[in-house]
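Below: one structure, written as structure tokens.
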Amino acid sequence: MESPKPEDQKLQMFFDGELPPEEEAALRRSLESTPEGMAQIREWAQIREAMQTASADWSGQIDSDSLFARIEAEVSAPVIPIEPARQAKPPLHSVPGGRERRVWGAVATGFAAAAAIFLTVMAWPETHQDPSGVTAEVRTRGSEVLEVDFGTNTGTIFEVEGGAGESLAVVWIDDGEVGLQ
Amino acid sequence: MSLIRYLAMIAVLLGASNASAQGSSSVRSDRDSTSSVPAEVLVVLAKEEPGEIDPELKKLTALRRPPFNSFRSMQILSRPKLTLTPGKDALVSLPNGRRVKLTLLRVMPDGRYKVKAAINRPDKSDYLPLLQVVASAGDPFFVAGQTYQGGTLVVGVIVDPKKTSQ
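This is the structure in structure tokens:
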């Protein structure tokens, strides 16, 4: 397998949120300055969303309680020594132990890598900026109008910027009852 | 350690962490959606004539921006505190005889509050029959425009004012 190029590694670290803030901002500007870069951001976002969905589905199917119980039962079970077979090894079917361990190790490493990717995706910081430069924290701050009924009046809905850059909802009623006390 | 056990351990760790996260999230959501939350209603009389801006309003920078920037004086008429309970109406009287009715509908998954508001005279429902907003803790929404004593009433509603960050 080819090792990834340094630029690819940097992109990987960018999407994993592992770059220092200055480098991350510089790379984001660089990506957003070209259509290819924007397309790459969208592609990675789609991959990330797909992985989140798949991992959520997968983990939802795991019955962790019964699995734990099974493992505990296995661990606490008495160890029964197994007599090695006394038959002579068939020369054409024997698999060297070292190679077997290497195969098992490769499979286990693959699963460990998958687990690491899963945990990275799950732990993706919510405060990362989206392509428009708005952080998730600011998106969930402020207030917004979902529905309004002005009755017999008319009115206008405004969005006013708050002290932290959040959007605050203003509903302005065109009051016809001038001088009402 | 055999491969089976190795994989089982990984599966257990992932399953347990996921179940733990979902469990705590579920518990928090259930608790939040049924508990009461404090709120504050800010009733301000704003006028275009030059005058004083109440010092307590200076931290609300939104009131210095359009459409509020035409006002040169702002006076806090009242600042009642109340508790919003899901599904229960809370009433605040305004100086012009109308009443603000606030109802906490639910706590959103992202922690914001979905609130229903209405402003009417008692036994009437024609002025502002319905307003539904979502607001973060400590972030206000405003209803303005009612004329009163030569000025305009600006009503600000802040849910969970303990978390005000402005």
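Residue numbers (my numbering), protein chains in the order written: chain W, 4 to 184; chain R, 198 to 363.
The beta-carbon is built from N, C-alpha and C at its ideal position, and this holds for glycine as well.
Just to confirm my understanding: we take residue i, look at its own chain, exclude 5 residues before and 5 after, and list those with CB closer than 6 Å. What are they?
{"i": "residue 243 of chain R", "result": "268, 271, 348, 349, 351"}
{"i": "residue 162 of chain W", "result": "170"}
{"i": "residue 241 of chain R", "result": "271, 273, 351"}
{"i": "residue 288 of chain R", "result": "296, 298"}
{"i": "residue 353 of chain R", "result": "239, 337, 339"}
Please state whether DSSP places residue i in a helix, a strand or coil.
{"i": "residue 73 of chain W", "result": "helix"}
{"i": "residue 166 of chain W", "result": "coil"}
{"i": "residue 249 of chain R", "result": "coil"}
{"i": "residue 114 of chain W", "result": "helix"}
{"i": "residue 359 of chain R", "result": "helix"}
{"i": "residue 40 of chain W", "result": "helix"}
{"i": "residue 153 of chain W", "result": "coil"}
{"i": "residue 270 of chain R", "result": "strand"}
{"i": "residue 322 of chain R", "result": "coil"}
{"i": "residue 329 of chain R", "result": "strand"}
{"i": "residue 14 of chain W", "result": "helix"}
{"i": "residue 334 of chain R", "result": "coil"}
{"i": "residue 349 of chain R", "result": "strand"}
{"i": "residue 233 of chain R", "result": "coil"}
{"i": "residue 25 of chain W", "result": "helix"}
{"i": "residue 144 of chain W", "result": "coil"}
{"i": "residue 177 of chain W", "result": "strand"}
{"i": "residue 291 of chain R", "result": "coil"}
{"i": "residue 258 of chain R", "result": "helix"}
{"i": "residue 365 of chain R", "result": "No answer is possible for residue 365 of chain R: it lies beyond the span of chain R, which begins at 198 and ends at 363."}
Closest by CA to residue i, which one among the options?
{"i": "residue 345 of chain R", "options": "R:274, R:238, R:327, R:357", "result": "R:274"}
{"i": "residue 117 of chain W", "options": "W:55, W:21, W:29, W:32", "result": "W:55"}
{"i": "residue 262 of chain R", "options": "W:31, W:165, W:147, W:143", "result": "W:165"}
{"i": "residue 336 of chain R", "options": "R:343, R:309, R:322", "result": "R:309"}
{"i": "residue 306 of chain R", "options": "W:113, W:143, W:120", "result": "W:143"}
{"i": "residue 154 of chain W", "options": "R:251, R:284, R:327", "result": "R:327"}
Could one say the Cβ of residue i lies closer than 7 Å to chain R's Cβ atoms, at least one of them?
{"i": "residue 35 of chain W", "result": "no"}
{"i": "residue 166 of chain W", "result": "yes"}
{"i": "residue 113 of chain W", "result": "no"}
{"i": "residue 147 of chain W", "result": "yes"}
{"i": "residue 50 of chain W", "result": "no"}
Would residue i count as contacting chain W if we go by Cβ distances under 7 Å?
{"i": "residue 272 of chain R", "result": "no"}
{"i": "residue 352 of chain R", "result": "no"}
{"i": "residue 342 of chain R", "result": "yes"}
{"i": "residue 289 of chain R", "result": "no"}
Once you ignore the five residues that flank residue i on each side, which residues in its own chain have a CB closer than 7 Å to its CB?
{"i": "residue 290 of chain R", "result": "296"}
Near residue i, what residues of its chain come up, given a Cβ to Cβ distance below 8 Å and the 5 sequence neighbours on each side ignored?
{"i": "residue 280 of chain R", "result": "233, 234, 235, 236, 287"}
{"i": "residue 158 of chain W", "result": "151, 174, 175, 176, 177"}
Just to check, is the beta-carbon of residue i closer than 6 Å to a non-hydrogen atom of the ligand NAD?
{"i": "residue 327 of chain R", "result": "Ligands displayed in this structure: none; no statement on the ligand NAD is therefore possible."}
Flag this pair as touching only if the segment 325-334 of chain R and the segment 153-173 of chain W have three or more C-beta atom pairs under 8 Å; answer yes or no. For the pair of segments examined, the segment 325-334 of chain R was found to touch the segment 153-173 of chain W: the number of CB pairs separated by less than 8 Å reaches three.
So does the segment 288-303 of chain R actually touch the segment 251-270 of chain R, counting three or more Cβ pairs closer than 8 Å? Not touching, per the Cβ criterion.
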